[in-house]
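To keep things clear, I will list the structure first and then write my remarks on it.
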Amino acid sequence: MRSDDGAPTLDVAQLEAKWQARWADAKVFEAERKSDAPKLMITVAWPYPSGPMHVGHGRTYTIPDVIARFHRMEGKRVLFPMGWHLTGSPIVGATERIRKQDPAYVAMMRGLYAVSDQDLARMVDPVAFARYFTSESPLGYRKGMQGLGYSVDWRRECTSIDPHFSTLVRWQYRTLRAKGLVAPGSHPVKFCPAYSSSVTDHDLSEGEGASIQEFTLIHYTAGELHFPAATLRPETIFGATNLWLHPQAEYVEAEVTLHDGSRQRWVISADAAYRLSFQGYGVRELTRSTGAAYIGQMVQVPLCDRSVPILPATFVDVTHTSGVVASVPAHAPFDLIALQELQQAGAPPAGVDAAVLQALLPMPIVAINGDSSLTARTLTKMGITSQHQREALDEATHEVYKAEFAKGVMTVGFVRGQGVGAARDAVRQKLQASGHASRMWEFTLKPVIHRSGAPCVVGLVKDQWFLRYGDEAWTASVREHLHKVSLIPADTLTYYENVLEWLQDWPCTRAAAVGMGTMLPWDSRWLIESLSDSTIYMAYYTIAHRITQVDPKRIDDSFYEYLFYGTGDADALSVSMGVTPRDIEALRAEFEYWYPLDWRVSANELIPNHLTFMLYHHNALLPHKQPRGIANLGMGILEGAKMSSSKGNILPVSTAVTTYGADAVRLYLMNICEPWQDFDWRNRDCEIVRRQLDRFYAYVDGLPGRPPGRAEPHLDTWLRSRVAGHIAATREALEGFSTRKAVQHGFFYLANDLRWYERRGGDNRELLLSIAQLWVRLLCPIVPHLSEELWSRIGPPAAAMCSLSPYPHPPMDWASGSAETLEGLVEQLVEDIGQIYKVLKREHAPRVVLLCAPAWKRAVLRTIVDAKSKGPLEVGALMKSLMADQSLRAHGKDLQKWLPKIIEQVRTRDVATLELLLQTDEAALWRSALPFLQAEFADVFEVVGPDEGGDAGNKRGAASPGRPAIYVEGGVAT
RNA sequence: GCGGGGGUAGCCAAGCGGCCAAAGGCGACAGACUCAAGAUCUGUUCACGUUGGUGUUCGAGGGUUCAAAUCCCUUCCCCCGCACCA
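Adding 5 to a residue's 1-based position in the first sequence gives its number in our numbering.
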């Protein structure tokens, strides 16, 4: 806290430490069940501690803390646990970089991450590394969370590699396997031959975003020799006129062992032979030559009773797929142009019969609306004349493929009449069934380069285990539950639904050699992958503090059957586990009490994986305890730039806390935008929030020392009503995770109203103190340290800690629509005078007179308001009926001018407000505000009531009820 | 390409049929306080205006409506996710 001159008068750090210690001593956040009390369990994705906790994490974890604190004050038993996710390879990768003394990484650790040489030396061990950033480092997660004052039950702290935790994961996977939801399979992945391991986009220096595409290899044969031509369009086989090989590139003849163990002799590019060897094919090179060696040879076309020649083409890319290409000139721009060039050349290439070459004609097999000339027309349209115009040809190819896929119909073969898409599947299936097709995978873009600099290939992982998220029955069941889940924000529902649509089986294992985690129970060569071991771990929190008393070796599946389902024999379990039957019952009671999870808090980017996985696993394993709500958070950037631990662009939480104070950081983070929106941390803005919080503290702290002041009925009623409204709005906001709205109402708007109250002359100390008692509790979930301190100073004697005191409700009878409407008239008046002053270019006047509207205007307003409830307001008709009134006719001219204006106002205001206006003694209202108005605007301020005479400055005609005419002395008289 | 989310005054950002020239914050300008600076408080901040008004504005174009930033259609632009990874 700083005083006016900026000198520190209050040690925020000391105050924070004091209350954090008191919370810990009083075990305020240790969640104990109480069978007759309502409960709330809220969890947030457990952090992966690969570096310091930065302010981005700070927001992620502060949001559930605020919600937890709110519900705790609501009288619920609240469990907000925390653990550490250590599964996976990045930490192991980091220790590797330390071991190898990667200069950039080591420099960052020593510098930005403030790791001592001594600590760094220990951190070559992944467990030591993780412990450093979870628990030891001042910049780490536990210190950061404690520094922000989180209401976590730290007794339940655990990690994903604890032996106790692994017993749960093993149970989970055995059970899923028994249900048929985990199954073996194989899958193509990005693979780094240099490291013999699959790699993710994260590990790449180039080719991020490349995906893997499956090609069909169609076997054209010459005797025993196979020419596997790669294609995405197997249906075009009917239009194949020849094969292309690159005449100068290297090809091999190889003995290839297929997936079923059979062997064939293939001709493929030398490069393809290398790449195929990672895709589950055994490849043994026999001979090597250039493509030219095969030019002119005839090969048999499968499914078609004909043979075609092999011709040379330089556009063939031997580093792509097999290096063997089937030519379909009628439907492939490359093929058409290459064939034309060849036929137009003076002499045929060596080995090719001129007659055979000239006889080759495009064979159309696909038509769009009866037309098969799209390829030729596209070439003409784009002015392509040579196979070297690669870019143009690529574009033409794309265009033709797309059009024919969308609208093309087959004109030949057994698929005649079918659409291209359907025909493609049918032809591929028939080729495979007859042994004329194989599969090969290729990247959609190249090159794909590992961080180490090694080029990657597509690799086929065999014996991989999959979670069967593609299973229709499972997915349908998840979808059904999804519609019962409270989602924040609500529009994430469509996102989840889309994920359920496209989510396929998920490989849930990784080679045990890389990373930490739980072994696959039935095959120790595999580790359960990190996203897959964290799907029901929230259930583990319910017992995490008690299960540690049991030797993990003595925990088997029957324990979890009992814990989750209550099946089995507790006495037998107590014997096998070496604890009392009461212990077993206590564990089960914990789970039964806390579960299901009320809120899961996580990031938007985890919807397509973790959050959906969580729903699947709960659905299969804990169908009686599925999650009730999921809140999704946006991501953060720092001063406009992406936050990245690896790039060093971070602000550690503990640094922010030291600089601004825990509560200022919390308040800033909760106010910056709503949780689900992306945010941008700005130091300057946080500093501004810090100052505003200082003012809040000084204001509340100063209240008891003020003179008593006096009650002012209208103003006090108005303030109570405003405060009641803000309390209601803040509560509602917190119910829905709208932390920003909560801060706006609970902090800023309320403060603005207090300022207005005092500006208006309000000084009722007792009222302000009673409001302050509500206010500090209202803000306690967001700024708990300052709230506790203030509560201890101004709260009722012997009150419970603020964190355990009831969250305020709007006090009964505080709401007063009429007081707010009346004060609204004063605000309107102030604005009107301000506008007039602006036009007059002045700030003060010797004399101002308010001229209230005469009584007849009130009568007219009465008539119009009555008319409003009967139907649409029409100026003409109203004028007619009003002029029928003798007493009004005297004001005919004024009425004619005024009526359209007042009707417009009646039209846009609700009846209750208008009624109030009609009942108000406005002269009394203005007179009660005279001291204020005089202080703000003029030396002398006068009011002329509705029934009084006088028209200073001849202004009175402008008056409406509730909006007096304003005469400013020194203004221009009209 | 597929899917999700956005474009609001100098900036951030609320609003999502009438009370909207549009909350709140920042920045800027002016005043009060101060020897001064900072902090704080007050006012102004689309244009015009010697009386509270008028005109134009919420990516662009069109439409529905007595009334549109808000609803519908078309169009342009930006961000995010698309998997074996935390």
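All C-beta atoms, glycine included, are put in the ideal place defined by N, C-alpha and C.
These numbers were taken from a predicted model, which means no experiment stands behind them.
Unbroken alpha helix (DSSP H) run spanning residue i, endpoints
i: Met888; result: 880-888
i: Lys906; result: 897-913
i: His486; result: 477-487
i: Tyr546; result: 542-546
i: Arg551; result: 549-552
i: Ala109; result: 108-115
i: Asn503; result: 497-507
i: Asn624; result: 617-626
i: Trp470; result: Taken as a continuous stretch (DSSP letters only), Trp470 belongs to no alpha helix (DSSP H), being part of the beta strand (DSSP E) at 462-472.
Cβ-based neighbour list, residue i, same chain, cut-off 7 Å, excluding 5 preceding and 5 following
i: Thr553; result: His169
i: Ala733; result: Pro815
i: Ser933; result: His719
i: Arg695; result: Tyr665, Gly666, Ala669
i: Tyr842; result: Glu848
i: Arg421; result: Met415
i: Ala5; result: The first residue shown for the chain is 6 and the last is 979, placing residue 5 beyond what the model contains.
i: Phe410; result: Val425, Gly426
i: Asp538; result: Thr92, Ser165, Val174, Gly522, Thr523
i: Val519; result: Ser94, Val97, Ser202
Classification of residue i by the beta-carbon crowding that lies within 10 angstroms, buried from 16 upward
i: Phe339; result: buried
i: Ile96; result: buried
i: Gln25; result: buried
i: Leu845; result: exposed
i: Val945; result: exposed
i: Asp10; result: With a pLDDT of 41 at Asp10, under the threshold of 50, the modelled position of this residue cannot be trusted; read the value that follows with caution. Asp10 comes out exposed.
i: Ala135; result: buried
i: Met6; result: Per-residue confidence for Met6 stands at a pLDDT of 36, beneath the threshold of 50, marking its modelled position as unreliable; the derived number appears in the next sentence. The residue is buried, with at least 16 neighbouring Cβ atoms inside 10 Å.
i: Tyr600; result: buried
i: Arg280; result: buried
Cβ shell of residue i (< 6 Å), same chain only, five flanking positions each side left out
i: Ala608; result: Leu638
i: Asp768; result: Gly714
i: Pro786; result: Val71, Arg74, Phe75
i: Ser743; result: Glu679
i: Pro813; result: Ile732, Leu779, Arg782, Leu783
i: Phe243; result: Ile370, Val417, Gly418
i: Ile776; result: Val728
Residue from the options whose Cα sits closest to the Cα of residue i
i: Val132; options: Arg115, Leu117, Glu101; result: Glu101
i: Ser121; options: Ser539, Lys846, Tyr137; result: Tyr137
i: Gly573; options: Pro811, Ile589, Val584, Ile677; result: Ile589
i: Arg633; options: Lys44, Lys39, Ala275; result: Lys44
i: Thr48; options: Ser892, Pro802, Gly571, Thr547; result: Thr547
i: Ile166; options: His403, Tyr545, Ala234; result: Tyr545
i: Thr292; options: Gln840, Pro813, Trp681, Arg270; result: Arg270
i: Gly424; options: Gly413, Ala431, Arg433; result: Gly413
i: Arg700; options: Leu795, Thr172, Leu674; result: Leu795
i: Asp952; options: Trp861, Gly967, Leu887, Ala401; result: Trp861
i: Ser529; options: Arg515, Ser535, Ser537, Asp956; result: Arg515
i: Leu855; options: Ala518, Pro712, Ser792, Glu927; result: Glu927
i: Ser282; options: Ala359, Pro143, Leu465; result: Leu465
i: Gln939; options: Arg764, Arg961, Pro802, Ser775; result: Arg764
i: Glu485; options: Pro557, Trp470, Tyr501; result: Tyr501
i: Asn247; options: Gly287, Gly707, Gln348, Leu181; result: Gln348
i: Lys558; options: Leu84, Ala805, Ser581, Leu487; result: Ser581
For residue j and residue i, believed in contact at Cβ under 8 Å, the rounded distance
i: Ile300; j: Leu316; result: 6 Å
i: Ser312; j: Val304; result: 6 Å
i: Gly296; j: Pro233; result: In fact, because the Cβ distance is near 14 Å, the residues do not count as touching under 8 Å.
i: Ala254; j: Gly145; result: Not really, about 55 Å apart at Cβ, beyond 8 Å.
i: Gly88; j: Trp51; result: 5 Å
Cβ shell of residue i (< 8 Å), same chain only, five flanking positions each side left out
i: Gln509; result: Tyr474, Gly475
Opening and closing residue of the beta strand (DSSP E) in which residue i lies
i: Phe34; result: No beta strand (DSSP E) contains Phe34, which DSSP labels as neither H nor E.
i: Cys197; result: 187-197
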